[in-house]
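If you read the sequences in order, they're chains A and B. Each residue of the first sequence is one higher than the one before, counting from 1 in my numbering. Each residue of the second sequence is one higher than the one before, counting from 1001 in my numbering.
Number of protein chains: 2
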Amino acid sequence: MVVVGGGFGGISAVRELADAPVEVTLVDRRNFHLFQPLLYQVATGALSDDEIASPLRAMLSHQRNATVLLGDVQKLDLDARRITHVGSDGVADELAYDSLIVSAGAGHSYFGHDEWEAHAPGLKTLEDALNVRGHILGALELAEREPAARDRWLTFVVVGGGPTGVELAGQLGEITRETMPRDFRRIDTRHARIVLIEQTDMILASYGKRLSARAERDLARLGVQVHTQASVVDIQDGLVRIERDGRVEDLAAGTVLWAAGVSASPLARLLGEASGAEVDRAGRVSVAPDLTLPDHPEVFAIGDMVRVRDRAGKIKPLPGIAQPAIQEGGHAARTITARLKGAKPPGEFRYFDKGNLATIGRARAIADLRGVRFGGLPAWLIWLTVHIFFLNGMQNRIIVFMRWTASFVTYGRDARIIFRTSESPDR
Amino acid sequence: MVVVGGGFGGISAVRELADAPVEVTLVDRRNFHLFQPLLYQVATGALSDDEIASPLRAMLSHQRNATVLLGDVQKLDLDARRITHVGSDGVADELAYDSLIVSAGAGHSYFGHDEWEAHAPGLKTLEDALNVRGHILGALELAEREPAARDRWLTFVVVGGGPTGVELAGQLGEITRETMPRDFRRIDTRHARIVLIEQTDMILASYGKRLSARAERDLARLGVQVHTQASVVDIQDGLVRIERDGRVEDLAAGTVLWAAGVSASPLARLLGEASGAEVDRAGRVSVAPDLTLPDHPEVFAIGDMVRVRDRAGKIKPLPGIAQPAIQEGGHAARTITARLKGAKPPGEFRYFDKGNLATIGRARAIADLRGVRFGGLPAWLIWLTVHIFFLNGMQNRIIVFMRWTASFVTYGRDARIIFRTSESPDR
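#1: If you run the structure through DSSP and keep just helix, strand and coil, what is residue 1356/B?
#2: Would residue 1087/B pass as a contact of residue 146/A if the rule is Cβ separation under 9 Å?
#3: Extract the residue ranges of the alpha helix (DSSP H) inside the region 309 to 347 of chain A, only unbroken runs of 4 or more that lie entirely within it.
#4: Any idea if residue 1366/B is buried or exposed, counting beta-carbon neighbours within 10 angstroms, 16 or more meaning buried?
#5: Taking residue 4/A as the reference, which of 393/A, 26/A, 21/A and 13/A has the closest Cα?
#6: Considering just the uninterrupted stretch of the beta strand (DSSP E) at residue 32/A, what are its terminal residues?
#7: Under 9 Å, Cβ to Cβ, is there at least one residue of chain A near residue 979/B?
#8: Based on Cα-Cα distance, which residue from 359/A, 69/A and 333/A lies nearest to residue 19/A?
#9: For the region 280 to 306 of chain A, enumerate the residues whose C-beta is nearer than 8 Å to any C-beta of chain B, in chain order.
#10: Taking any Cβ of chain B, which residues in the region 80 to 102 of chain A have a Cβ under 7 Å from it, in chain order?
#11: Determine the direct distance from the alpha carbon of residue 413/A to that of residue 179/A, and round the result to whole angstroms.
#12: Run through chain A and tell me which residues come within less than 8 Å of residue 1036/B, C-beta to C-beta.
#13: Using only alpha-carbon positions, find the residue among 242/A, 100/A, 154/A and 176/A that is nearest to residue 10/A.
#14: Return the chain-ordered ranges of every alpha helix (DSSP H) run that is complete within the region 1193 to 1257 of chain B and spans a minimum of 4 residues.
#15: Does the Cβ of residue 36/A have 16 or more other Cβ atoms within 10 Å, making it buried, or fewer, making it exposed?
#16: For chain B, check one thing: does any of its Cβ atoms lie closer than 9 Å to the Cβ of residue 144/A?
#17: Say whether chain B places a C-beta atom closer than 9 Å to the C-beta of residue 270/A.
#18: Identify the contact partners of residue 1051/B in chain A, using a Cβ-Cβ distance below 7 Å as the criterion.
#19: I need the straight-line Cα distance from residue 1160/B to residue 1108/B, nearest angstrom please.
#20: So does the region 1132 to 1142 of chain B actually touch the region 1234 to 1246 of chain B, counting three or more Cβ pairs closer than 8 Å?
#21: Does DSSP classify residue 1170/B as helix, strand or coil?
#22: Taking residue 1408/B as the reference, which of 1363/B, 1254/B, 1150/B and 1255/B has the closest Cα?
#23: If I follow the unbroken alpha helix (DSSP H) through residue 1095/B, where does it start and stop?
#24: So, is the C-beta of residue 396/A closer than 9 Å to a C-beta in chain B?
#25: Does the region 1042 to 1054 of chain B come into contact with the region 1340 to 1359 of chain B, if we say contact requires no fewer than three beta-carbon pairs (one atom in each stretch) closer than 8 Å?
#26: Answer yes or no: do residue 1257/B and residue 1039/B have a C-beta to C-beta separation smaller than 9 Å?
#27: Helix, strand or coil for residue 1064/B, going by three-state DSSP, please let me know.
#28: Tell me whether residue 311/A, by its Cβ, gets closer than 8 Å to a heavy atom of the ligand FMN.
#29: Mapping the DSSP letters down to three states, classify residue 407/A as helix, strand or coil.
#30: Under 9 Å between C-beta atoms, does residue 67/A make it to chain B?
#31: Look at the alpha carbon of residue 186/A and the alpha carbon of residue 76/A, and state the distance between them as a whole number of angstroms.
#32: What residue range does the alpha helix (DSSP H) around residue 378/A cover?
#33: Does any CB atom of chain A fall closer than 9 Å to the CB of residue 1109/B?
#34: Using 8 Å as the threshold, is the region 1308 to 1317 of chain B in touch with the region 1277 to 1290 of chain B, meaning 3 or more CB pairs across them?
#35: DSSP beta-bridge partners for residue 1300/B?
#36: Hey, is the region 197 to 213 of chain A in contact with the region 388 to 400 of chain A, meaning 3+ C-beta pairs nearer than 8 Å?
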């Protein structure tokens, strides 16, 4: 059988199949599993790229029934039960399956304004994180160089008040208020303006009013201005136009970061076309309660690229975080194993909500653990423990723990390389 | 005063000036100091990029007389005592100096065959290291995918038998013989062919015959074939043509790595043109015994971009490693300080050769410490201690030590991300 995608969902499925009487081939276009929940820490210089990534081969080295292939899946032929994947040299190959689990995740969506991407990078891949890091640190460098454009380079706008946006804005507050002031001679980074823009009437809405207000206070303490009920009308180089209370306002910002929209992997649409399953505006394909596609009980789709229906056909609201994908991967794998053994498959997927955690800088976080909602240091300690625990690989855990401890004591950040990207003029 | 370049030479100069009655501005186009001696370890997945880089601002945070500016120096006006540097946004600015130290390093040279670069990447920058890593790990991935092209993807050619070439070849031996075998299902990476090509009659010539032979034996044990007196005639995609004993041989190699030629920063030529100093074929400018330029006692040039003359006008042979640059930076800074204080400047630069170390994989290295030459475990332990000690930043030291310890015990390598580069099709 074949699993497409080595993210949280795919890896969970492959591991659950370790003792099943089946050969599993995992196909991914990247050679590593990415711990996305800490991506914003790479983007803000707190962690290095390799430290939140684990080579897929190393993760599955000891699982003898698992083969890893590096390839970009471009075709899914559900009738012939065959996928086409392309190597980094452009050579295509086919792979037959009896069962298929597709877990290809999601990318950004600019809500029809793809031209904004060039000016407001998002945060989904490791390259995105290094790109965002270059934008943030590069803006401070330009502020130090150019007195005339100082205010613009010291203005940072984050679009989207979900967990990623809040965490990014909080980190920007920490960088400019705590890490950087001593490092510059001509500017005072503590005067940097950080604006978080949210379209609805509160940030982190899923945590409820009380925690949302707490997060807003924590952000304010780090110098972050939160604009709710504000929508982005236009983004150009160095400029964001927002609309609030019917008024249009222009923000001259050297750095604009996008944490607003999500768009499912193009494979979701391919699955929809091949099976007749519905595809929503965000490109997510609808799957049956047992995570399979219509008329194709051998094909499962899981994670951020799907919406799961209950038995009545209604969409279940599931958050776009790691836990649903992990649990869905396990569910799909157990269904396949049961079928192979002639046992009764588990049937409908039920999400067990272990809770939600978001951090807002140094010793501040909010937690919603099955309805028990709290913030501050206890939430932050739980956040820290959970993230270290779920990180893959003992080396990564030790290094990340060490970096966080050092950063807590010294306010420093050591992973501050600005990489040259294809955009840079001198490469 | 102004220092151009935050490598070993530049940083050494700035630090030596900490207590001098002078304001120092360090200009570099990158925002970090790179520990080049460990670049090959990033290229082979043993270390992560940020772990061998230190932010220049953090390094000089506490040195109150030092300012860091991120800029690409494009013009040097020695008569007006002014340099022009350009920011990442393309905006140029000028900087006046009373004294100037230029330490801009060197890049690759393909000996007039720049078209080879696309097929045989070199190893000078952090981006180079990630690019080389992608080539090496990507070749193994393609070998696993493509039975027909397996032999080609499992053939690695390293051009150049100096320290970088030897270290790269040794690491390739370790990766394919020790790290990877369990991670692949369809190929046996232990059958990979690794060829090291050297034009002269021995590798690591500066260590003498006995140690060179020892290094060759150590490499052979890791599966590396050493071809001496072999020169590269042509490099194309997937093919290296070499000439040995008058015979021409074609090697079908999926990966070719370049560790042969060095070419000084273009700033060396600008200095030569402005001062009348000689510039050699590798682009290095000749400096006086006190490291200054003709008729410009206020301008110093140091490191890999220069050749130093003795009082008789003869070129002193200095190795292209960190030590000469560090010592030259200190010498230039002390000369400037002495002048400012009206004291006698130190005069001629004298290189103190502390010794040379090269490693050839696990517990194997060779050392030449002021004529005392030895190899094996003792040399490796000295190599390890020296490199940890000279690395900048306590976090980096701890992390690198931890990664090496883990790798020594488990044979593993955790920094195995293949980054998408501008070459990759799907970015």
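Positions of the beta carbon are idealized from the N, C-alpha and C atoms, including for glycine. These figures come from a predicted structure and were not determined experimentally.
Answer, in terms of the structure:
#1: As a position in the second sequence, residue 1356/B is number 356, starting the count at 1. DSSP places residue 1356/B in strand when its eight states are reduced to three.
#2: By one-based count along the second sequence, residue 1087/B stands at place 87. By one-based count along the first sequence, residue 146/A stands at place 146. In contact: residue 1087/B and residue 146/A (Cβ atoms closer than 9 Å).
#3: 322 to 340
#4: The residue given as residue 1366/B occupies position 366 in the second sequence. By the neighbour-count rule (16 or more Cβ atoms within 10 Å), residue 1366/B is buried.
#5: Against the first sequence, residue 4/A aligns to sequence position 4. Residue 4/A has its Cα closest to that of 26/A, out of 393/A, 26/A, 21/A and 13/A.
#6: The count along the first sequence starts at 1 and reaches residue 32/A at position 32. Start and end: 32 to 34.
#7: Missing from the structure shown is residue 979/B; chain B here goes from 1001 to 1427 and no further.
#8: Reading the first sequence from its first residue, position 19 is the one you call residue 19/A. Measuring from the Cα of residue 19/A, the nearest candidate turns out to be 333/A.
#9: none
#10: 87, 88, 89, 90, 91 and 93
#11: Within the first sequence, the letter at position 179 stands for residue 179/A. Within the first sequence, the letter at position 413 stands for residue 413/A. Distance between the alpha carbons of residue 179/A and residue 413/A: 7 Å.
#12: Position 36 of the second sequence, counted from the first residue, corresponds to residue 1036/B. Those within 8 Å of residue 1036/B in chain A number zero; the least Cβ separation is about 14 Å.
#13: By one-based count along the first sequence, residue 10/A stands at place 10. Measuring from the Cα of residue 10/A, the nearest candidate turns out to be 100/A.
#14: 1209 to 1221
#15: For the purposes of this step, residue 36/A is taken as residue 36 along the first sequence, with counting starting at 1. When all chains shown are included, residue 36/A counts as buried.
#16: Taking the first residue of the first sequence as position 1, residue 144/A is located at position 144. It does: the Cβ of residue 144/A has a partner Cβ on chain B nearer than 9 Å.
#17: Taking the first sequence and counting its residues from 1, the one referred to as residue 270/A is at position 270. False, the Cβ-Cβ gap to chain B never drops below 9 Å.
#18: Taking the first residue of the second sequence as 1, we reach residue 1051/B at position 51. Residues of chain A passing the Cβ test: 48.
#19: Position 160 of the second sequence, counted from the first residue, corresponds to residue 1160/B. Position 108 of the second sequence, counted from the first residue, corresponds to residue 1108/B. If I take the Cα positions, the gap works out to 12 Å.
#20: no
#21: As a working mapping, residue 1170/B is identified with position 170 in the second sequence. In this structure, residue 1170/B counts as helix in the three-state DSSP scheme.
#22: By 1-based counting over the second sequence, the position of residue 1408/B is 408. Selected option, being the one with the closest Cα: 1363/B.
#23: Position 95 of the second sequence holds residue 1095/B. From DSSP, residue 1095/B is part of no alpha helix (DSSP H) but of the beta strand (DSSP E) over 1092 to 1096.
#24: As a position in the first sequence, residue 396/A is number 396, starting the count at 1. Chain B, which has a Cβ nearer than 9 Å to the Cβ of residue 396/A, makes this yes.
#25: no
#26: Here residue 1257/B refers to the residue found at position 257 when the second sequence is read from its first residue. Here residue 1039/B refers to the residue found at position 39 when the second sequence is read from its first residue. Their beta carbons are not under 9 Å apart, which means residue 1257/B does not touch residue 1039/B by this criterion.
#27: Within the second sequence, numbered from 1, the residue matching residue 1064/B stands at position 64. Reduced to three states, the DSSP call for residue 1064/B is coil.
#28: Although the ligand FMN was asked about, the structure shown includes no ligands whatsoever.
#29: If you number the first sequence from 1, residue 407/A lands on position 407. In the structure shown, residue 407/A sits in a helix (DSSP, three-state: H, G or I).
#30: Within the first sequence, numbered from 1, the residue matching residue 67/A stands at position 67. Taking Cβ atoms only, chain B reaches closer than 9 Å to residue 67/A, which makes this a yes.
#31: Indexing the first sequence from 1 puts residue 186/A at position 186. Indexing the first sequence from 1 puts residue 76/A at position 76. So the alpha carbons of these two residues sit roughly 57 Å apart.
#32: Sequence index remark: in the first sequence, residue 378/A carries index 378 (1-based). Its alpha helix (DSSP H) spans residues 376 to 390.
#33: Reading the second sequence from its first residue, position 109 is the one you call residue 1109/B. By this cut-off, residue 1109/B is not an interface position.
#34: yes
#35: Taking the first residue of the second sequence as 1, we reach residue 1300/B at position 300. According to DSSP, residue 1300/B bridges with 1101/B and 1292/B.
#36: no
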